[in-house]
Each structure stands twice: as structure tokens, then as C-alpha cells.
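Undergrad: The sequence shown begins at 1 in the UniProt record's numbering and counts up by one. Beta carbons: idealized from backbone N, C-alpha and C, even for Gly.
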Amino acid sequence: MKMIIEVTGLVKRYKDYTAVDGVNLSIQEGEIFGLLGPNGAGKSTTMNTLLGLLKINNGTVKMFGKDFSKHAKEIKQSVGYVPQDLAFFETLSAIDNVTYWGKLYGLRGKELHTSVQEALEFTGLWDRRKGIAKTFSGGMKRRLNIACAIVHKPRILFMDEPTVGVDPQSRNNILESIKIMNQNGMTIIYTTHYMEEIEAICERVAIMDFGKVIALGSIDELIDSISTGTRLSLELASNTDAAISLIKELEGVTACNNINGVLDIHLEKEERFLTGIMENLIRKEFKIKSMTLEKPNLETVFLQLTGKKLRD
Ligand SMILES: Nc1ncnc2c1ncn2[C@@H]1O[C@H](COP(=O)(O)OP(=O)(O)OP(=O)(O)O)[C@@H](O)[C@H]1O
Ligand SMILES: [Mg+2]
Numbered sequence: 001m002k003m004i005i006e007v008t009g010l011v012k013r014y015k016d017y018t019a020v021d022g023v024n025l026s027i028q029e030g031e032i033f034g035l036l037g038p039n040g041a042g043k044s045t046t047m048n049t050l051l052g053l054l055k056i057n058n059g060t061v062k063m064f065g066k067d068f069s070k071h072a073k074e075i076k077q078s079v080g081y082v083p084q085d086l087a088f089f090e091t092l093s094a095i096d097n098v099t100y101w102g103k104l105y106g107l108r109g110k111e112l113h114t115s116v117q118e119a120l121e122f123t124g125l126w127d128r129r130k131g132i133a134k135t136f137s138g139g140m141k142r143r144l145n146i147a148c149a150i151v152h153k154p155r156i157l158f159m160d161e162p163t164v165g166v167d168p169q170s171r172n173n174i175l176e177s178i179k180i181m182n183q184n185g186m187t188i189i190y191t192t193h194y195m196e197e198i199e200a201i202c203e204r205v206a207i208m209d210f211g212k213v214i215a216l217g218s219i220d221e222l223i224d225s226i227s228t229g230t231r232l233s234l235e236l237a238s239n240t241d242a243a244i245s246l247i248k249e250l251e252g253v254t255a256c257n258n259i260n261g262v263l264d265i266h267l268e269k270e271e272r273f274l275t276g277i278m279e280n281l282i283r284k285e286f287k288i289k290s291m292t293l294e295k296p297n298l299e300t301v302f303l304q305l306t307g308k309k310l311r312d
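1) In whole angstroms, give me the CA-to-CA distance for residue 231 and residue 189.
2) Which of the three DSSP states is assigned to residue 178 in this structure?
3) Please return the same chain residues whose Cβ sits closer than 8 Å to the Cβ of residue 256, not counting the five positions on each side in sequence.
4) Within 7 Å: the Cβ of residue 22 and any heavy atom of ligand 1?
5) Apply the 10 Å Cβ neighbour rule to residue 60 and answer buried if 16 or more other Cβ atoms are within range, or exposed otherwise.
6) To which residues of the same chain is residue 182 closer than 7 Å at the C-beta, ignoring the five residues directly before and after it?
7) Ligand 3 and residue 161: does the residue's C-beta get closer than 7 Å to at least one heavy atom of that ligand?
8) Excluding the 5 residues flanking residue 254 on each side, which residues of the same chain have their C-beta closer than 8 Å to its C-beta?
9) Report yes if the CB atom of residue 140 is closer than 8 Å to the CB atom of residue 125, and no otherwise.
10) Is residue 148 helix, strand or coil when you go by DSSP?
11) Assuming residue 10 contacts residue 23 under a Cβ cut-off of 8 Å, what Cβ separation, rounded to an integer in Å, is found between them?
12) Drop a sphere of 10 angstroms on the beta-carbon of residue 282, count the other beta-carbons inside from all chains shown, and report buried for 16 or more, exposed for fewer.
13) For residue 217, report the span of its beta strand (DSSP E) as first-last.
14) Helix, strand or coil, according to DSSP, for residue 94 in the structure here?
15) If you reduce the DSSP assignment to three classes, tell me which class residue 209 lands in.
16) Quick one: residues in its chain with C-beta nearer than 8 Å to the C-beta of residue 235, no 5 flanking neighbours on either side, listed in chain order?
17) Compare the Cα-Cα distances from residue 134 to each of 197, 91 and 150 and report the closest residue.
18) List, from N- to C-terminal side, the alpha helix (DSSP H) runs of 4 residues or more that fit wholly inside the segment 55 to 95.
19) Using the rule of at least 16 other Cβ atoms within 10 Å of the residue's Cβ for burial, across every protein chain shown, is residue 123 buried or exposed?
20) Taking the alpha-carbon of residue 157 as reference, which of 218, 167 and 146 has the nearest alpha-carbon?
21) Skipping 5 residues on each side, what residues in its chain have a beta carbon closer than 6 Å to that of residue 38?
22) Mind checking whether residue 297 and residue 223 have CB atoms under 8 Å apart?
23) Would residue 12 and residue 54 be called neighbours here (beta carbons separated by less than 8 Å)?
24) Using 7 Å as the cut-off, classify the Cβ of residue 43 as near or not near the heavy atoms of ligand 1, replying yes or no.
25) How should residue 272 be labelled, buried or exposed, when 16 other C-beta atoms within 10 angstroms of its C-beta is the threshold for buried?
26) Taking the runs of the beta strand (DSSP E) that are 3 residues or longer, which of them lie wholly in the segment 223 to 260?
27) Going by DSSP, name the residue or residues bridged to residue 12.
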């Protein structure tokens, strides 16, 4: 697999505070790669160093097989950036903003006009192209932020929390458009502290905490790497205590507690353990009122690795 970005031993300090602490990353051409981590984990700092916006203290960055420090100007032509903070002129129209960015990347004449139109159409803003940016809704502003970043058709697009402050429908639109850009060949690096977004669009993810990558792989690989299994919540019509005694003895059950009348059962990973519990409860004629299953996800991975939640 061809690596489009290779980062080795990346360190970034702000005065004596180490915000990025020895990060290694290899990003494959054509993937949507997620950077997941809580506030302050170092996601934006990592991204900004890869974009050459911040000077690094240590390490190397290669993009398109070339050393970033030696070929920065050339590399930047093929890279787009959707910053966490909105970056356009509030008092200009959508089309003037996108045109400004297109010119900045050296587009002129017919190519400029066509590219601006394509970027605005793609983000669903063409009909509102003459609207002044500051009058736009939160979702439209986020889409304009994206239009400015893709006007020059970059091969790599860095997106730093592009859905912050938007309603669920706009969020889904943005996630869908990311998938389309990716299908058209763009490599995307996406930061967020919403694991649902990572699960929706990313093939691989690096989980960051305190400036370090603490886990890296496909979502399935990361979930497989932890020992936590499924969690089952069961509400019975009666005899809760008797059920606890029974369940605790069953194969694959690591814990079973009564939480306000609901059984909170922790299971080892294999699915057959769930069948075993059900069979035993039915055989002993326990009546089940309700049940929910919680499968391990990226939040569980983060919790197991750090002992804290992603969004504390
Ligand atoms: N310009 C700066 N000067 C000093 N410290 C900074 C600066 N920018 C970021 N930091 C610190 O570096 C750490 C990493 O910040 P960064 O913005 O990279 O985190 P993040 O993962 O993007 O967080 P968020 O999810 O809140 O955007 C934080 O502790 C932050 O306070
Ligand atoms: Mg950030």
C-alpha cells in the first residue's frame, strides 16, 4: 500500500509544554484516516505541524514521498485544510470567499471560475453564492469553510473538527460529502472527539491522548485489541437476586450487579456466552421485561486504555 504521509518521531512544544510527543503515523493514499482524542489531546497541533503552519521541534514529515521541510511549497499546492476555527471573510459573499482561496492557490481565468463553481456546487452553496458569509447558518458556514479548502482540488485534505456546532442533518451532509470526495480519490485526515463520526467514515484511526498516539489501527482491530466484551442490561419481572446468583456462575460472565433493579452483566467477548445466559434464564423460567446490549466501541477502547471518557 502506498503511503501518502509518513510521520516519524514528531514533537511539538509550546515553550516548555509538549503538545505532541513523539507521534508516528503512516497514512495510506486513498484512505479516510481519523485522529480521535479528547480536548487538548494534540490533534490540531499535529495537524498544523503536518500542514507546515507550526514549526516542529523534532521528527520528520514526508508527504507524497518527499521530505516536507525541503519541498514545502510544492507539497502545499496539493494539500487542503479545513481549520477548526472558521477561516473566511465574514463580510464577503460565498463566491468571493471561494474565489479568493482559488486565487491564493494560483488558479486563474476559466479554470478559476469552473473550480469555484464546482466547490460551491459540491458543498450545496451554489444557489446561495451571492449571500454574505456572516448571514449564513452554522451548517452553511461549515460548508463554506470546506468549499474554500477544496477549490484547488487537493490530493490530501486535512479536516479539523469540521462538524462542530452544526445540526445533525448538516453533519450527515458533511460526512456524506467527505465520503464522495474520498471516492473521487482524495485522501482525508479527519480529527474529532466524536467517535460516531470516526465510525461512520474512517477506515483507520489513531487515538491520541496527552500528545501521544495510544492506539492505531482499523476500528475492528482496536476493538479486538481490548479485553472488554459486550455489556448486557437485563430487567426481570421478579426474582432478580436469584437470577444474579445463577448468572454469576455462568461461563463468560465477568461481573453481574444489581443497579436499581436492572442487572448489569459484563461478558467476555464471544457471542456464545450471551446464548448461554438466555438459555439458562429461560430454563429456570425467569421472565425478561427488557434488555439492552452494549457492544464495545471506540469509546470503550479509549476508556480501557486511559481510564477516562472521551468527552469528560
Ligand atoms: N498556541 C498555543 N500555545 C500554548 N499551548 C497551546 C497552544 N495551542 C495549543 N496548546 C496546548 O497544546 C495542547 C494540545 O492542543 P490542541 O489544540 O492540539 O488539542 P486538540 O486535541 O486539538 O484539542 P481540541 O479537541 O480541544 O481541539 C493543549 O493542552 C493546548 O492547551
Ligand atoms: Mg483541536
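TA: In short, the structure shows the following:
1) 32 Å
2) helix
3) 244, 247, 248, 263, 264, 265 and 266
4) no
5) Counting Cβ neighbours within 10 Å, residue 60 comes out exposed, since fewer than 16 surround it.
6) The residues are 32 and 188.
7) This structure lacks ligand 3; its bound ligands are ligand 1 and ligand 2.
8) 229, 266, 267 and 268
9) yes
10) helix
11) 4 Å
12) Exposed, since its Cβ has fewer than 16 Cβ neighbours within 10 Å.
13) 212 to 218
14) helix
15) Assigned with DSSP and collapsed to three states, residue 209 falls in strand.
16) 261, 262, 263, 288, 289, 290 and 291
17) 91
18) 68 to 76
19) buried
20) 146
21) If the five residues before and after residue 38 are omitted, its C-beta is found closer than 6 Å to the C-beta atoms of 193 and 310, all from its own chain and listed in chain order.
22) yes
23) In this structure, residue 12 sits near residue 54, with a CB-CB distance shorter than 8 Å.
24) yes
25) exposed
26) You should have 231 to 236 and 253 to 259.
27) According to DSSP, residue pairing for residue 12 in a beta bridge involves 20.
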